[in-house]
Structures are given as C-alpha cells and as structure tokens.
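Q: Quick one: this structure, given as structure tokens, is what I'll be asking you about.
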Amino acid sequence: MTTVATAPERRRRRLSGSTAALGILGLFTIGALLEVLPRIGVLNRRFFPPSSEILTTLIEQLGEGAFWTAVSDTLRGWAIGLTIAMVLGIAVGVIIGSVPFLRDVTSSTIEFLRPIPSVALIPLVVLLYGTKLQSALILIVYAAFWQVLVQVLYGVADVDPVVRDTARSYRFSRWTQLRQVVWPTALPYVMTGFRLAAAVALILQVTAELVIGVPGLGRNLGVAQSSGAVSLTYALVVAVGIIGIAINLFARALERRILNWHPSVRRDVAR
Amino acid sequence: MSMSPFRFSRRAGLAAVATLALTLTACGGDGETTDTASPTTDATTSDEATDDAEAPAETVDLTVGVIPILDVAPIYLGVQEGFFEEEGINLTLELAQGGAAIIPGVVSGQFQFGFSNTISLLLAQDNNLGLKAIANGAQSTDDPMEDFGAVVVPGDSDIQDLTDLEGKRIGVNTLNNIQTTTINQLVREAGGDPSTITYVELPFPDIVQAVANRDVDAGQLVEPFRTLSLNAGDRNLGSNLAGVVDNMEVAMYFTSQAYADENPDIVERFTRAINKSLQYADENPVAAREILGTYTNIDPAVAEAAVLPRWPGEINRDTVQLLAELAVGDGLISAVPDLDVLLP
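Quick mapping for you: the protein sequence lines, in order, are chains B and Z. Each residue of the first sequence is one higher than the last, beginning at 1 in my numbering. Each residue of the second sequence is one higher than the last, beginning at 1001 in my numbering.
Written out as structure tokens, the structure reads:
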C-alpha cells in the first residue's frame, strides 16, 4: 500500500482526506451551535440541553452495563433480521428473476406489497409476539426483503445475453450458469440491496423497540423519555445515530471487499 | 388450555403472516419462550421452592406487562421484597412501551397479567375482550392540589379556574380516555361546557413543552412531569383525578377472563402478592421512591418531590362505577358494564 502511488491515486487520497476533514468540520459546527444556542436562550434549555451535557451523559452511559446490553440486543435483532431478509431476498430474487413466467406473474404483486410500510404491521405483531424479538424481526424482514429482492431482480435481468447464450452453448449446467454467469452480474446489485437493507433493518429494529418495547436501545430511549430524562434521551438518540453510521461504514467496506474485482470499485480502471 | 378459541380464531385470520412468523420463530435464535402458552404448571422445581417450606409445591413463571412509570413501583418493590417468591411466583416484568401492547398482550396470552388504566379496561370490556381486573393498580390521593395528576397552565396564563378552560386547547396523552373524561367532568361540575374544549393528543414529555411554548393553553400531566412542570413555574389548576373524586381508582392490575377461569389458584396467589406489595409501597413511600431508580431514569431529586399515587390493597369499587358512568356520558362506552364481571 505504501510504495508507489500513481498520480490519480494520490489525488484521490488527498481528496478523500479533505472530504473527511470537511465532514468533521460540519459536525463540529453543528455541535458548537447546539452548545451555544441553549446557553444563550435561543433554544429552551429545559428541552434542548447543550451538546456538552448530552455528550457527558453519553460517556456516563458507556460505563453502564445496561447500556451495552441494550446495544447488543439492538445489534442482535438487526443482524438476525438482516440475514433472514438477505437469504430470502436472494433466493426468491434469483428464482423469480431466472424464470420469465414467474417474473411476469409476480411483478404486480411485488409492486403492490412493496410500498406497504412495515410499521403498519405493528398492531399485528404486537398481537402475535408482544414485546419479544420476533416482533422486531417480522418488521425488519418485511421492510428489508423488498430492498434486496428488487435489487436481485434487476441484477439477474442485467446478465449479458451473449454471455448467457455462450454458457448455454457450452452446455454449462444450470448450477454452473448460476455461479459463473448470473451471480457475478447480480453481485453488485446484491451489495447495493445489502447496503439499503442494512439501514432499513436498523430503523425498524429501533422503531420496534421504541414503539412496542422490544428490548434494546430504542426501549431505553422510550423509558428515558417517559422519565423526563431529557439529556439521556438525546444521548441515546446520538448513540443510535453512531450505530447507524457504523453500520453504513461496515456495509460500504464489505461492498468494496467483495466487489474488489468489479470496475465500479477497482481503482486502476480508467473512468 | 394452551389455546383459547379466541386466540385461535385471531391467528387463523392472520394465517399468511403467521406462517411467516413461524418461519421466523424457527430462525429466531432465542429458544427460551417460543411457546406462547402460559407456563402454568412448570414442574422444574427450583431451589427456592424446595428450600422454602411455606411455598406451594410448584413455582410458576409469570410475565406481567407494565409501563415504565411511577404507578407500578409497588410491583417492583414486591419482587425486591420477595412477596411473589413467597407465593411461589417467579415474576418477569416486561416494560411495554406506552401501554399499547399490554391489553393485546394479555388477551393473546403473551402476558398473564397486565397494568392498565380503568377507562381502558372499561373500553376493553365494552368490546367484549374478556378481561378481569384483580387488584388495585394506583389510586389518586384525596387532595386535588397534591395528587400525582394535574392540569397545569403557564405561570402567567389568564386561566384562573376550571371554567376558564372552556373553549381552550388542552394537551392530553390519550384522547377519549381517563384524562379527557375527568377533565370534562371537572369543567361540568364547575358550571362550564366541556364540549367547547379542544383536546390535543401529545406524549407527556411533549405536553410540558407544548405548555411552555403556548402551543396549548393547558396540559394534563402526571408525575414526574407534573413536578418538572411546576418546578419550571407552571401553575397547578388541580388534579382532574382527585378533583373528581377522592381516591379514584385510576389503574388496575388485570388478567384475561380465560386465564382466571383456568388458573384460579395462580390468580389468587398473584392477587395476594400484589396486594401485599401495594400495601407495603403505601406504607413505605421512601422505598417506593428508591425503587424508581431501578426501572426508570427519573432524576432522584424529582422522584423525591413527586406526589405518589395511593396504593391501598383493595379496589375502590364506587369510583370505578363513577368512571363507567362518566365514560357512558362522554359516549366512550355504550352502557355501564356489569362490574361484577370486570371486578373481582
């Protein structure tokens, strides 16, 4: 990584370095603003504590076992839900996408079911599972599944007909066709689906915790809110935000790693 | 006993989703309580049960749906003091956010017992959900100015008494429930016309803010928000709960009629333990305030200053009757229900 860097690569690095710096500067400005406004009385301090107070509360939380239990509950629900959604989405997407008849039959149904907001299922899952993790999982899977499915469908449809026909004329087995032709084409789409689904899964996990009372950070947030603990409420919101950023970074890193051979990720290809 | 006809028909109606749900259960990872049936006669006799000669032969695992508010302090105290253990009950308290999940949870057998306000229970009975109240949950005090509920206005508001609430906007945490019904009654008693009031539904923390920002003219609050609001200079017009009647039965512990029919012994043991817990909390307010720190994030100074509900060991039946009549008057329920069915 160190020795020879080509000119464009160096420029890229400098650029990404300064982008990060700008990002941090922006964050810092907002933090400073939220520190000053409550102190000079523009924002009511009873409801908007200065950012330093929120940060102190957050740091206090880092020392609490209950906080980390909640973090792991949230991440566990997120990971399980996301995994189920990915497996289902990929399996169903590849099957439907590979059979034109199925694709035509299901397309209107998919377009009908997809826009139903997952949160509309809350009354239903409360009845079935109450405050158990399953409640959150149903919401997550319902929301994230479509993100993955639609991407996989596009990915499968994107297979180059010439390549497909070539594979057929060489009498590749269905499985080999799938592995050697369909999957590499669909993979970038799958990864996009993964990134979208990862974000959606976190949103619904936290929603289920906050609204239903499934154990996790969202429920702690709800308890803090109904206790009138304002800075703790904000501290937990920040904590959820940090997890969201971490998940996004993780999804992007994974995407780069898995697609390191793909032109959209490779740096040595002229763009 | 595992599946009441009621629950079965619900589930059958939701077959498609249930199928998905079952698939999820299989992959769910936590195999502890996949069985929704109430774990009544769990024969895994725990150490405590054998140690304790007083305890009944079998220990039961019960789950109770509660809300993270001050009112449920007694049940936490009862667990801490071992009152449930004495009855051979291994209690799990589930914090259901906002209470929305509690009645459905008890109906579906997710929770064996739950905590709910009296009007919600009357509404549920009006809809034939088959619930049975078994013990007091929280009662108002007998002093409208010193109660855990309050109608507050900004310190410099023109509103001086209850009749001034006519034509005003009042923030309440649930429309068409105990708070609106009791405020209506207060205004009516004071000679005003409650139909002129506009109620705005907001969560309690937001009511405090809405009052401060003048988004509403008045707000109905309960502790700890009452103390937070009064500390910030808002004015207390008096409690809509104690103001209507002393020691009003504001909330109760309940179970489903089906569970009560099938497990009379467990219900009896639970009722004994909760009544003991309630009395203990009523007699030991210091302990009640201390236990708040274990399940809420209420600032200790606020917990110290807050007015606690009254927690006697029996239901104030007359006030349930009164609330039922008020609910009929407001059109929330069709007729005063048979209290012998709802109450023990």
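For each residue, glycine too, the CB sits at the ideal point set by N, CA and C.
What number of angstroms, rounded off, separates the C-alpha of Ile1298 (chain Z) from the C-alpha of Ile1103 (chain Z)?
A: One C-alpha to the other measures close to 25 angstroms.
Q: Note the first and the last residue of the continuous alpha helix (DSSP H) segment covering Glu135 (chain B).
A: The identity of residue 135 (chain B) in the sequence shown is Ser, whereas the question assumes Glu. Per DSSP, Ser135 (chain B) belongs to the alpha helix (DSSP H) from 133-157.
Q: Helix, strand or coil for Phe1270 (chain Z), going by three-state DSSP, please let me know.
A: If DSSP states are grouped into helix, strand and coil, Phe1270 (chain Z) belongs with the helices.
Q: Applying the criterion that 16 or more other CB atoms from any shown protein chain within 10 Å of the CB defines a buried residue, is Trp175 (chain B) buried or exposed?
A: Trp175 (chain B) comes out exposed.
Q: First and last residue of the beta strand (DSSP E) that includes Asp1061 (chain Z)?
A: Note, Asp1061 (chain Z): beta strand (DSSP E), 1060-1066.
Q: Is Ile1207 (chain Z) close to chain B? Criterion is C-beta to C-beta, closer than 9 angstroms.
A: Output row for Ile1207 (chain Z): interface = no.
Q: List in chain order: all unbroken beta strand (DSSP E) runs of 3+ residues lying wholly within the segment 1203-1270 of chain Z.
A: Here the runs fully enclosed are 1218-1222, 1235-1238, 1249-1256.
Q: Flag Tyr234 (chain B) as yes if its beta-carbon sits less than 9 angstroms from any beta-carbon of chain Z, otherwise no.
A: Not one chain Z Cβ lies under 9 angstroms of Tyr234 (chain B).
Q: List the residues of chain Z whose Cβ lies closer than 9 angstroms to the Cβ of Ser72 (chain B), in chain order.
A: By Cβ distance, chain Z contributes nothing, its closest Cβ being about 13 angstroms from Ser72 (chain B), past 9 angstroms.
Q: Can you tell which of Z:Val1060, Z:Val1064, Z:Thr1063, Z:Ala1073 has its C-alpha closest to the C-alpha of Thr1294 (chain Z)?
A: Comparing Cα positions, the closest option is Z:Ala1073.
Q: Within 10 angstroms of the Cβ of Tyr189 (chain B), are there 16 or more other Cβ atoms? Answer buried if so, exposed if not.
A: Looking at its Cβ environment, which holds 16 or more other Cβ atoms inside 10 Å, Tyr189 (chain B) is buried.
Q: According to DSSP, is Asn1090 (chain Z) helix, strand or coil?
A: Looking at Asn1090 (chain Z) - three-state DSSP - the assignment turns out to be strand.
Q: Does DSSP put Val1151 (chain Z) in a helix, a strand or coil?
A: Here Val1151 (chain Z) sits in strand by DSSP.
Q: Looking at chain Z, which residues of the segment 165-176 of chain B have a Cβ within less than 7 angstroms of any of its Cβ atoms?
A: If the cut-off is 7 angstroms between Cβ atoms, the segment 165-176 of chain B has nothing near chain Z.
Q: Note down, in chain order, each residue of its chain lying with its Cβ closer than 8 angstroms to the Cβ of Val1163 (chain Z), except the 5 sequence neighbours on either side.
A: Checking the sequence shown, residue 1163 (chain Z) turns out to be Thr, not Val. Result list for Thr1163 (chain Z): Val1187, Ala1190, Gly1191, Gly1192, in chain order.
Q: Here's a check: name, in chain order, each residue in its chain whose Cβ is nearer than 7 angstroms to the Cβ of Met86 (chain B), leaving out the five neighbours to either side.
A: For Met86 (chain B), where only same-chain residues beyond five positions count, the Cβ hits under 7 angstroms are Val148, Phe194, Ala197.
Q: Using a Cβ-Cβ cutoff of 8 angstroms, what residues of the segment 1287-1313 of chain Z are near chain B? List them in chain order.
A: Listed in sequence order: Tyr1295, Thr1296, Asn1297, Ile1298, Asp1299, Val1302.
Q: Give me the residue from Z:Ile1119, Z:Gln1185, Z:Phe1204, Z:Gly1114 with the minimum Cα distance to Ile1197 (chain Z).
A: Ile1197 (chain Z) has its Cα closest to that of Z:Gln1185, out of Z:Ile1119, Z:Gln1185, Z:Phe1204, Z:Gly1114.
Q: With DSSP as the reference, label Arg1310 (chain Z) as helix, strand or coil.
A: In the structure shown, Arg1310 (chain Z) sits in a strand (DSSP, three-state: E or B).
Q: Assuming Gly77 (chain B) and Phe145 (chain B) make a contact with CB atoms under 8 angstroms, what is their CB distance in whole Å?
A: Between Phe145 (chain B) and Gly77 (chain B) the Cβ distance is about 15 angstroms, and since that is not below 8 angstroms, they are no contact.
Q: Could you run through the segment 1214-1229 of chain Z and flag, in chain order, every residue whose CB is less than 7 angstroms away from some CB of chain B?
A: Per Cβ criterion, the list reads Pro1224, Phe1225, Leu1228.
Q: Within the continuous alpha helix (DSSP H) that includes Tyr234 (chain B), where are the two ends?
A: Counting along the chain, the alpha helix (DSSP H) containing Tyr234 (chain B) begins and ends at 230-258.
Q: Measure from the alpha carbon of Asp158 (chain B) to the alpha carbon of each residue in B:Val141, B:Ala186, B:Ile80, then state which is nearest.
A: The residue with the shortest Cα to Cα distance from Asp158 (chain B) is B:Ala186.
Q: Which of the three DSSP states, helix, strand or coil, is assigned to Arg39 (chain B)?
A: Helix.
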